[in-house]
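Participant: Have a look at this one.
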Amino acid sequence: MTVPGRRSSTFSRLLRHGFTDPSAAERLLDLPELAALRGDPVLLDALGTTADPDLALRGLVRLVEAQADTERQTFTTTLLSAKPFRDRLLGVLGASEALADHLARHPKDWETLVTYEAADLHPGVTEFERGLAEATDPVALRVAYRRCLLGIAARDVCGTTDVAQTAAELADLATATLRAALAIARAAEPADAALCRLAVIAMGKCGGHELNYVSDVDVIFVGEPVEGADEAKALQAATRLASHLMRICSETTVEGTIWPVDANLRPEGRNGPLVRTLSSHLAYYQRWAKTWEFQALLKARPVAGDPELGSAYVDAVSPMVWQAAERENFVTDVQAMRRRVVDNIPVAQVDRELKLGPGGLRDVEFAVQLLQLVHGRSDATLHSGSTLDALAALAAGGYVGRADAAQLDEAYRFLRAMEHRIQLYRLRRTHLVPEGEDDLRRLGRSLGLRTDPVAALNKEWRRHASVVRRLHEKIFYRPLLDAVAQLAPGEIRLSPKAAGQRLEALGYADPAAALRHLEALASGVSRKAAIQRHLLPVLLGWFADSADPDAGLLGFRRVSDALGKTPWYLRLLRDEGAAAENLARVLSAGRLAPDLLLRAPEAVAILGDPEGLKPRGRDHLEQEVLAAVGRADDAEQAVAAARGVRRRELFRTAAADLIDSYGTEDSPRTSDPGALVDRVGEAVTDLNAATLAGALRAAVRAEWGDELPTRFAVIGMGRFGGHELGYGSDADVLFVHEPRPGVDEQEAAKAANRVVTEMRRLLQLPTTDPPLLIDADLRPEGRSGPLVRTLASYEAYYRRWSLVWESQALLRAAPMAGDPELGQRFIELADPLRYPAEGLGEDAVREIRRLKARMESERLPRGADPTLHAKLGRGGLSDVEWTVQLLQMRHGWAEPGLRTTRTRAALAAAHAAGLIPAEEAQTLDEAWVLATRVRNAVMLVRGRPGDTFPSEPRELAAVGRYLGYGPGHVGEMVDDYRRITRRARAVVDELFYGA
């Protein structure tokens, strides 16, 4: 008798044995059906060793209750007397609710777990066929299938088989099931069966002999007519048989389903015929197949139907699989396949994704398969469909380091075991780690983690995923370093040919040069070489993920040659994870940023500072530039210092732009291209304004000391005034001066002109820093007019002679350097001209339209494609800007929001004022941002300005990567550009031309 308020001894024992609900377990043990079992201590001990004692006990009660009265005694006696049977049965009941359901529906199936012959310990296809032999319809096949599955699960949870053996048994059971299903289909349609030969080829995990408990079984069907039969009719018959086989396995019946049979890996996927002849398959693979299809064929294995036809299929496609690495698009296809599948996983599930998440099963499988394709063409020992067998062969052949292979093998086995136990619970297809505490506890205990199973499971899972994440890229590259640097004693080294093949497959156009760079970087015993050996496997992966891996590796060698003896540089790359990845992205994305960096390699420090990539404001930059000018001995030295600041800031801006456009492992690419364009435009404008301020101070100080005899201001025009400069833009300016009191006008004018001439000279002096070109052609009278005018002269000219295009040009006018009060007075002079009272007259509107039409016909370069010219082409920058500027000149007098020099801000204001519908404003904005990014991309990639997409394939691919298009998608990029700008031109025709 239990004293009230005190727990019973049974309750305490149940707690000690791992029950989470001892009260419910006590009630179950008190049921009359368990009377024969209740008092036996071995039962509790056995339940306590299961993954979920509560679940195991509930399943046991259901099974006992389901026994016929005449059978119950036999069952309980066997359970108590036969420990192997007890462990197997309770192990299954504690791990799988679905198999407990099966046993409750088919209570005699427990007998399959009682005795094991030697063959029962590791059954193969023959034994499973025997187990399914009596199934003559889909329902009976499901029951027999689950009965066989009971044995596999029992061996798995009791540790009789390891994870690889379990996966192989599941594949063998699938093979036997496909054969049984085909036999049922043939029996149902004997006429069809008589017309054709049909072979079933297993693909994916079934073909690789590494199937999950619940997975689609991937297949390909090959059909041929029997001798004398019509081919078309035979293929129709084979298609009916194949379809029937798929339904037998996939359809839900009173006994549930087995698994879906998926034939989408066939030629043309779901759009292609379900069954093809062997010659039709070969014709497709020879002409149309993509790299991923050959990767899938690595695992092709004939499993059912006509064995000769199945073997003929595998024999015929196998040579093509091992020649895939020599195909023209192999590198592009591999880059596309290597881009993370993670992008397609819902954000809420990424951290729980066991298969596709970072450090998941797919990472190991992809890495192994890619290395098989690259090296299997010259090494037949790698021709295996099994991931673990292939990994072992890669290690044995020296293609993967032995230690790395051992770590990956261990991690892959643990992750597959997790996947097996998750699916076994309810026999549902899932790769998500559960979130519930009870589910995690059961999962941890099923893997042998008994002390704090939830915490231990999470720790082990994260550890193994971390190993995979760290190694799945490195295993491509570490053997390359071994090949050139003779690192690891006892390791089998890659031959130069194999190293070259691997580099070629990873996108390196000049493998021999790449190996020379690796040898220079990784050889020797210095601290520098040791750190670079540690970094290079990761860096090479990041380079390979770019459009130009060769440039990335060459750039890294040049930076390291320049900074390799600087302690902070190696420490930065070693200790700041982001710095190394940021450097890799910058070096391999084009010419501009590496050129800027290599002129002053110490700027690499920017990449390791979390704040380092943020643009500096104009006040900060101007203060730094003027201080540097003040310290200089002469004007040339002063402007050299100013240009040095400008070069560093250009690098900062370009690096931030590239890193945000590409994204990194820890932060995705920026999803708002408009924000990137605005940031670049603002940053380049600010640094050019600060540079002009420095050049002005240097020019004045050299001849006049602290004060010029005339007040002087630089007015930004065009993109400069609009804060929309790109990397390759000139600085459009006007120069204005005003003599100081008592200074002769001629003397003031001479001084102002000498200052302008000196500024332009200083800013274009040949140095290692990029020049800042000043363009004053928007001044009154253009190139024929004086370079500098007084404010009064501007006022007189504009009052008397100003043309409508000059008023339009003033829409972008903004003070940039020099006397701020004079600059502001110039803007006050410009306002009535650019925002005329009551708006533009019709004559002026017609004149603007005429000028625009003439520009379209005359200024587009000869031979340029008008649909792809970012500045002057259809729907490009000029179209959008002239449309916005016409709205500003017509309505700016009445709408204060339109009084801005910035195109996007004016467009938003026009929409807010009701002058343009939201959809049309969005269309123009999208086109303007895209055209601006194309120009920025061309400058970043080629190192020189351009308004059209590059024709060289690598440069075009690099522009695509910057714009967010993966490898092999440049055609899509060009199509998108044409589509977006075509829509913008339709809006321009309506709003600007009044069409």
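Quick note: the sequence shown uses our numbering, first residue 2, plus one each step.
Ideal Cβ placement from N, Cα and C applies to all residues, glycine included.
1. Let me check one thing: in DSSP terms, what residues is Asp733 bridge-paired to?
2. Check whether the region 245-264 and the region 285-295 touch, using three or more Cβ-Cβ pairs below 8 Å as the test.
3. With Leu392 and Val369 assumed to form a contact (beta carbons below 8 Å), what rounded beta-carbon distance in angstroms separates them?
4. Who are Leu199's beta bridge partners in DSSP?
5. For the structure I just gave you, are there three or more beta carbon pairs, one from the region 81-91 and one from the region 147-161, closer than 8 Å?
6. With Phe415 as the anchor, note down where its alpha helix (DSSP H) starts and where it stops.
7. Can you list, in chain order, the residues of its chain with a C-beta nearer than 8 Å to that of Pro710? Leave out the 5 residues immediately preceding and following it.
8. Identify every residue that forms a DSSP beta bridge with Phe713.
9. Determine the burial state of Val401: buried for a count of at least 16 other Cβ atoms within 10 Å of its Cβ, exposed for fewer.
10. Could you give the distance in angstroms between the alpha-carbon of Gly878 and the alpha-carbon of Lys872?
11. What residue does the beta strand (DSSP E) around Val526 start on, and which one ends it?
12. Under DSSP, the beta strand (DSSP E) around Ala815 begins and ends at which residues?
13. By the DSSP assignment, the beta strand (DSSP E) with Ala305 in it spans what residues?
14. Give the DSSP-derived three-state secondary structure of Thr671 in the structure shown.
15. Please state the DSSP three-state secondary structure of Val789.
16. Going along the chain, which residues of its own chain have a beta-carbon closer than 7 Å to the beta-carbon of Arg479, five neighbours each way excluded?
17. Between the alpha carbons of Arg446 and Pro454, how many angstroms are there, rounded?
18. Determine the closest residue to Pro833 out of Leu773, Gly874, Asp707 and Arg900, with distance taken between C-alpha atoms.
19. Can you have a look at Pro816 and say buried or exposed, based on whether 16 or more other CB atoms are within 10 angstroms of its CB?
20. Residue ranges of each beta strand (DSSP E) run of no fewer than 3 residues wholly in the region 609-658, ordered along the chain?
21. Going by DSSP in three states, Asp53 sits in which element: helix, strand or coil?
22. Leu540 and Leu482 - do their beta-carbons sit closer together than 9 Å?
23. Nearest-angstrom Cα distance between Met974 and Ala959?
24. Considering Trp806, what are the terminal residues of the alpha helix (DSSP H) in which it resides?
25. Below 9 Å between beta carbons: does that hold for His107 and Val144?
26. Compare the Cα-Cα distances from Ala932 to each of Ile423, Arg979 and Pro954 and report the closest residue.
27. Starting from Trp569 and walking both ways along the alpha helix (DSSP H), at which residues does that stretch end?
28. Which runs of the alpha helix (DSSP H) at least 4 residues long sit entirely within the region 104-187? Give them in chain order.
29. Counting Cβ pairs, one atom from each stretch, are 3 or more of them under 8 Å apart for the region 313-329 and the region 273-282?
30. Roughly how many whole angstroms lie between the Cα atoms of Thr292 and Arg302?
31. Can you tell me whether Tyr994 is buried or exposed? The criterion is at least 16 other CB atoms within 10 Å of its CB, across all chains shown.
32. Tell me whether the region 410-421 and the region 455-471 touch, counting them as touching only if at least three CB pairs, one residue from each stretch, are closer than 8 Å.
33. Following the continuous alpha helix (DSSP H) through Asp596, name the residue where it begins and the one where it ends.
34. From Ser730, Trp289 and Thr924, pick the residue whose C-alpha is nearest to that of Met940; which is it?
35. Quick one: residues in its chain with C-beta nearer than 7 Å to the C-beta of Ser385, no 5 flanking neighbours on either side, listed in chain order?
36. Opposite Thr11 in the DSSP bridges: which residues?
Facilitator: This is what the structure gives:
1. On the sequence shown, position 732 is the one that residue 733 refers to. The secondary-structure analysis by DSSP pairs Asp733 across a beta bridge with Asp776.
2. Under the 8 Å Cβ criterion, the region 245-264 does not count as touching the region 285-295, having fewer than three qualifying pairs.
3. Stepping through the sequence shown from its first residue, residue 392 is reached at position 391. Stepping through the sequence shown from its first residue, residue 369 is reached at position 368. Going by Cβ atoms, the distance from Leu392 to Val369 rounds to 5 Å, so yes, they are a contact pair.
4. In the sequence shown, counting from the first residue as 1, residue 199 sits at position 198. Its beta-bridge partners are Gly224.
5. Note that the region 81-91 touches the region 147-161; at least 3 beta-carbon pairs, one per stretch, sit closer than 8 Å.
6. Against the sequence shown, residue 415 aligns to sequence position 414. Start and end: Arg403 to Arg427.
7. Numbered from its first residue, the sequence shown carries residue 710 at position 709. Excluding sequence neighbours, Pro710 sits near Pro740, Arg741, Val744, Glu748, Ala749 and Ala752.
8. Against the sequence shown, residue 713 aligns to sequence position 712. Looking at the DSSP assignment, Phe713 forms a beta bridge with His738.
9. What you label residue 401 is simply residue 400 of the sequence shown in a count that begins at 1. Burial of Val401 is indicated by the presence of at least 16 other C-beta atoms within 10 angstroms of its C-beta.
10. Taking the sequence shown and counting its residues from 1, the one referred to as residue 878 is at position 877. Taking the sequence shown and counting its residues from 1, the one referred to as residue 872 is at position 871. Position check: residue 878 holds Leu in this sequence, whereas Gly was assumed. Cα to Cα, Leu878 sits roughly 5 Å from Lys872.
11. In the sequence shown, counting from the first residue as 1, residue 526 sits at position 525. Note, Val526: premise wrong, no beta strand (DSSP E); not H, not E.
12. Working through the sequence shown from its first residue, we reach residue 815 at position 814. Looking at the DSSP string, the run of the beta strand (DSSP E) that includes Ala815 is Ala815 to Gly819.
13. One-based indexing of the sequence shown puts residue 305 at position 304. For Ala305, the enclosing beta strand (DSSP E) starts and ends at Arg302 to Gly306.
14. For the purposes of this step, residue 671 is taken as the residue at position 670 of the sequence shown. Coil.
15. For this step, residue 789 is matched to residue 788 along the sequence shown. Three-state result, Val789: strand.
16. Numbered from its first residue, the sequence shown carries residue 479 at position 478. These residues qualify, in order along the chain: Gly402, Asp405 and Pro538.
17. Here the question's residue 446 lines up with position 445 in the sequence shown. Here the question's residue 454 lines up with position 453 in the sequence shown. Here the alpha carbons of Pro454 and Arg446 stand approximately 6 Å from one another.
18. Looking up residue 833 in the sequence shown gives position 832. Answer by Cα proximity: Arg900.
19. What you label residue 816 is simply residue 815 of the sequence shown in a count that begins at 1. Classification for Pro816: buried.
20. Scanning the region 609-658 from its first residue to its last, no whole beta strand (DSSP E) run of 3-plus residues comes out.
21. On the sequence shown, residue 53 is found 52 positions in, with the first residue counted as 1. Note: Asp53 maps to coil in three-state DSSP.
22. Position 481 of the sequence shown, counting from 1, holds the residue named residue 482. Position 539 of the sequence shown, counting from 1, holds the residue named residue 540. Not a contact, by the Cβ cut-off of 9 Å.
23. By 1-based counting over the sequence shown, the position of residue 974 is 973. By 1-based counting over the sequence shown, the position of residue 959 is 958. Met974 and Ala959 have their C-alpha atoms spaced approximately 12 Å apart.
24. On the sequence shown, position 805 is the one that residue 806 refers to. Start and end: Val805 to Ala810.
25. As a working note, residue 107 is residue 106 in the sequence shown. As a working note, residue 144 is residue 143 in the sequence shown. Between His107 and Val144, the C-beta spacing is below 9 Å.
26. Here residue 932 corresponds to residue number 931 of the sequence shown, with the count starting at 1. Nearest C-alpha to Ala932 among Ile423, Arg979 and Pro954: Arg979.
27. Position 568 of the sequence shown holds residue 569. Counted as a single uninterrupted DSSP element, the alpha helix (DSSP H) harbouring Trp569 occupies residues Pro568 to Asp576.
28. For the region 104-187, whole alpha helix (DSSP H) runs of length 4 or above, ordered along the chain, are 119-122, 126-133 and 139-158.
29. Touching, yes.
30. Walking along the sequence shown from the start, residue 292 turns up at place 291. Walking along the sequence shown from the start, residue 302 turns up at place 301. Their Cα atoms are separated by approximately 19 Å.
31. Numbered from 1 along the sequence shown, position 993 holds the residue referred to as residue 994. Residue burial is scored here from C-beta neighbours: Tyr994 has fewer than 16 other C-beta atoms within 10 angstroms and is therefore classed as exposed.
32. With a cut-off of 8 Å, the region 455-471 and the region 410-421 count as touching, because enough Cβ pairs lie within range.
33. Along the sequence shown, one-based indexing puts residue 596 at 595. Where Asp596 is concerned, the enclosing alpha helix (DSSP H) stretches over Leu593 to Arg600.
34. On the sequence shown, position 939 is the one that residue 940 refers to. For the options Ser730, Trp289 and Thr924, the alpha carbon positioned closest to that of Met940 is the one of Ser730.
35. The count along the sequence shown starts at 1 and reaches residue 385 at position 384. Contacts found: Ala391 and Ala394.
36. On the sequence shown, position 10 is the one that residue 11 refers to. For Thr11, DSSP records no beta bridge to any residue.
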